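J.: Mind looking over this structure? Questions follow.
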Amino acid sequence: MRIRSVSFFLLAVLTMGCEPASPVYGPTVEVTAANFDALVTQSEVPVLVDFWAEWCGPCRDMEPVIASVASRYEGQLVVGKVNVDEQPELADRFGINGIPAMLLFRQGELVRNLVGGRSEQELVGEIEPFLAAGPAPR
Numbered sequence: 006m007r008i009r010s011v012s013f014f015l016l017a018v019l020t021m022g023c024e025p026a027s028p029v030y031g032p033t034v035e036v037t038a039a040n041f042d043a044l045v046t047q048s049e050v051p052v053l054v055d056f057w058a059e060w061c062g063p064c065r066d067m068e069p070v071i072a073s074v075a076s077r078y079e080g081q082l083v084v085g086k087v088n089v090d091e092q093p094e095l096a097d098r099f100g101i102n103g104i105p106a107m108l109l110f111r112q113g114e115l116v117r118n119l120v121g122g123r124s125e126q127e128l129v130g131e132i133e134p135f136l137a138a139g140p141a142p143r
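For what it's worth, this note's numbering labels the leading residue of the sequence shown as 6, then goes sequentially.
So, in C-alpha cells, the structure goes:
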C-alpha cells in the first residue's frame, strides 16, 4: 500500500509542468465559433460567456470568480469561456475590444454586456435577476 502511494506521489510530481495548466476552472464549457450559436440558442437557462486570454492579468483574477459562479449556479446558468486568441471571430462578432468581458444571454438574446473585472458579489448582482422565470428584466 505504501509503495503504491509513494509511486502515485512521484508520478504526480514528475508530470507536473509537462503541460500548461488549463486556465478554465470549475464547471464551464469551452465556447468556439462552431458551438456558440447552438449553445446560446438551445440553452433552456441563461448563458454567461466569458471572453478571456491567457496573457490577461485581470482575466486570471476573474478565473476564481467565474468558477465560483459556475459552481454556485450549476443547472441554472451555463458558463462558457471564449479564448479570444483562439476564437478571434467571436470577439469580432460581439465587438469585444477589451477583456475580461462577459456577455449574458437569456433565451438567445444578449441581455448584459459586462466589461472589466468585478467581484463575485457584483457579478452575481448582474446575473441573478435573469435567472428567475418570467420576462427578462430591463
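Every residue gets a Cβ at the ideal spot worked out from N, C-alpha and C, and that includes glycine. Here the structure is a predicted model, which means the values were calculated and not measured.
With DSSP as the reference, label L44 as helix, strand or coil.
T.: helix
J.: According to DSSP, D97 sits in a beta bridge with which residue or residues?
T.: Paired residue(s): none; D97 is not in a bridge.
J.: Residues bridged to F56 by DSSP?
T.: V87, A106
J.: According to DSSP, is L119 part of a helix, a strand, or is it coil?
T.: strand
J.: On the DSSP letters alone, give me the boundaries of the alpha helix (DSSP H) that L128 sits inside.
T.: 125-132
J.: I'd like to check one pair, V116 with C87: are the Cβ atoms closer than 8 angstroms?
T.: The sequence given here places Val at residue 87; Cys does not occur at that position. No, these two residues do not count as a Cβ contact at 8 angstroms.
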